[in-house]
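The sequence shown lines up with residues 0 to 332 when you count with numbering that gives the first Met the number 0.
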Amino acid sequence: MIGILNNTVQSLDILDSIDRIGNIYVGRVENLVSNLNAAFVRFENIKGKHSVGFLPFKAMPPAHILNRNADSSTLKTGDIVLVQLKVEEQKTKQARLSGKIDLDSSTFDGNIDDLIKIAKTRCEYQMISGNTGLVSDEISTFVSDFIKIIDAIDPDANCAESYKIVTDIRDIYDELSAHNVVCEYYDEEEKRLPLQINYSLSSKTDDLFWKKVWLDSGAFLIIEQTETLNLIDVNSGKATKKSEDFFLKLNMEAAIEAYRQIRLRNLSGMILIDFVSMKNADMNERLISFIKNLIQSDPMNLTYIDLTGLGIMEFTRQKRKKSLRETIDIKNK
């Protein structure tokens with residue numbers, strides 16, 4: 000689902016990229032690794048596919064070992080356990096699990112005793128509580144995030160317009176209408192033109208897969224995404240003015256686009272942004288203040304950390320699901 004405001008993509012959500020953090024599963028202990036003080040647990044992550052997660056011994060209460068009356072916290076190979084997903088699996092890292100269930104981060108409506116009773120009636124590997132397959136929840140999340148973006152827009156700007164959602168999927172249209180969301184059903188047979196072509200969606204999202212992203216001023220961003228961190232370099236490019244005021248405006252423009260790219264690419268973890276250097280300390284403080292205000296409503300808690308001596312801004316961002324590149328398995332152009 001794509002949210003467009005003033006002909007620019009402001010939100011993007013892929014239904015296959017579901018936020019599974021907090022989901023609760025019944026899993027089976029595959030093997031124990033004593034030197035890591037942990038077990039590896041197999042569980043059904045999505046649509047019948049199994050994953051293996053890392054479960055520290057200290058994170059497994061005896062009461063959540065379901066197949067026997069455990070008199071200690073010692074796990075055994077083959078044990079059936081109640082676990083919660085804490086960190087999604089990545090390319091080289093397995094999912095991280097915990098037996099200490101946090102009901103506040105799940106969709107389960109009940110207490111822990113109710114959950115254990117239900118879990119004991121389920122097959123191993125099965126998910127007990129989570130968002131997998133709940134399209135209506137995904138729609139609600141998407142709409143909520145898009146409204147936050149609209150609300151964050153400067154009310155004095157010439158873009159405080161009404162919005163609507165256009166879909167070519169009847170089920171989504173019916174779901175949105177039931178929630179009194181402004182929407183339009185796009186009938187491709189009647190329009191004789193696919194929705195994607197009519198709204199030029201491909202051209203509007205192409206830059207999400209490029210390393211170089213141009214800005215209106217002639218400057219550009221270079222975006223590097225690695226397993227350990229994300230680096231965004233601001234280059235003045237074709238811009239020729241050299242005043243501090245100009246560089247501040249350029250950096251603000253770059254910050255707005257960098258934040259949009261971070262959201263849409265769903266970058267997370269450590270994020271470093273190398274802005275155009277400014278010698279004036281007051282200019283740097285104004286830029287920091289501008290960025291803090293810009294990111295305060297980020298749904299994934301993008302947090303400003305520091306401005307290093309080399310002029311690089313450090314941020315962290317919560318990871319709830321895979322990045323756009325990981326989700327669609329495509330390399331940057």
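Each residue gets a CB set at the ideal place from its N, CA and C atoms; glycine is no exception.
Less than 7 Å between C-beta atoms, sequence neighbours within five positions excluded: which residues of the same chain meet that for residue i?
i              : result
isoleucine 334 : Beyond the ends of the chain as shown, which are 0 and 332, falls residue 334; an answer cannot be given.
aspartate 86   : It should be noted that the sequence gives valine, not aspartate, for residue 86. Closer than 7 Å at the Cβ level, and outside the excluded window around valine 86, lie Ala94 and Arg95.
tyrosine 258   : Leu293 and Ile294
serine 176     : Cys182
leucine 31     : Ala38, Leu74 and Thr76
leucine 249    : Ser216, Ala218, Ser235, Ala238 and Val275
leucine 266    : Gln224, Asn229, Arg316 and Ser322
Does DSSP put residue i in a helix, in a strand, or in coil?
i                 : result
phenylalanine 314 : strand
serine 267        : coil
alanine 218       : coil
arginine 169      : helix
asparagine 157    : In this prediction, asparagine 157 scores a pLDDT of 48, lower than 50, which makes its location untrustworthy; no coordinate-derived value is stated.
threonine 91      : coil
threonine 326     : helix
aspartate 273     : strand
leucine 74        : coil
isoleucine 20     : coil
glutamate 226     : coil
aspartate 297     : coil
asparagine 283    : helix
leucine 309       : coil
serine 242        : coil
To which residues does DSSP link residue i through a beta bridge?
i              : result
lysine 211     : Ile221
tyrosine 258   : Its beta-bridge partners do not exist; DSSP assigns none.
threonine 302  : Thr315
alanine 38     : Leu31 and Leu54
serine 97      : Gln83
lysine 321     : Bridge partners of lysine 321: none, in fact.
glycine 26     : Val80
leucine 249    : The partner list for leucine 249 (beta bridge, DSSP) is empty, contrary to what the question assumes.
glutamate 183  : Val165
isoleucine 290 : Isoleucine 290 pairs with nothing; no bridge assigned.
aspartate 232  : Ile221 and Asp273
isoleucine 117 : Partner(s): none; isoleucine 117 has no beta bridge.
isoleucine 64  : Val80
Given residue i, which residues of its chain have a CB within under 8 Å of its CB, disregarding the five upstream and five downstream residues?
i              : result
arginine 264   : Leu207, Ile222, Gln224, Ser322, Leu323 and Arg324
isoleucine 168 : none
histidine 49   : Arg41, Phe42, Glu43 and Tyr124
isoleucine 111 : Ile100 and Leu102
threonine 307  : Glu313
threonine 91   : Glu226
glutamate 256  : Val212, Leu214 and Leu220
If the criterion is Cβ atoms closer than 8 Å, does the pair residue i and residue j meet it?
i                 : j              : result
alanine 254       : isoleucine 290 : yes
leucine 286       : leucine 247    : yes
alanine 37        : glycine 98     : no
valine 40         : glycine 52     : yes
glycine 310       : serine 288     : no
lysine 119        : leucine 65     : yes
isoleucine 272    : leucine 301    : no
valine 28         : leucine 74     : yes
phenylalanine 100 : leucine 84     : According to the sequence as given, residue 100 is isoleucine; it is not phenylalanine. No.
glycine 268       : lysine 318     : yes
valine 80         : threonine 204  : no
asparagine 279    : glutamate 226  : no
Please work out which residues of its chain come closer than 6 Å, Cβ to Cβ, to residue i, disregarding the five sequence neighbours upstream and downstream, and give them in chain order.
i              : result
tryptophan 213 : Phe219
asparagine 283 : Met277
methionine 251 : Phe289
aspartate 232  : Ile221 and Asp273
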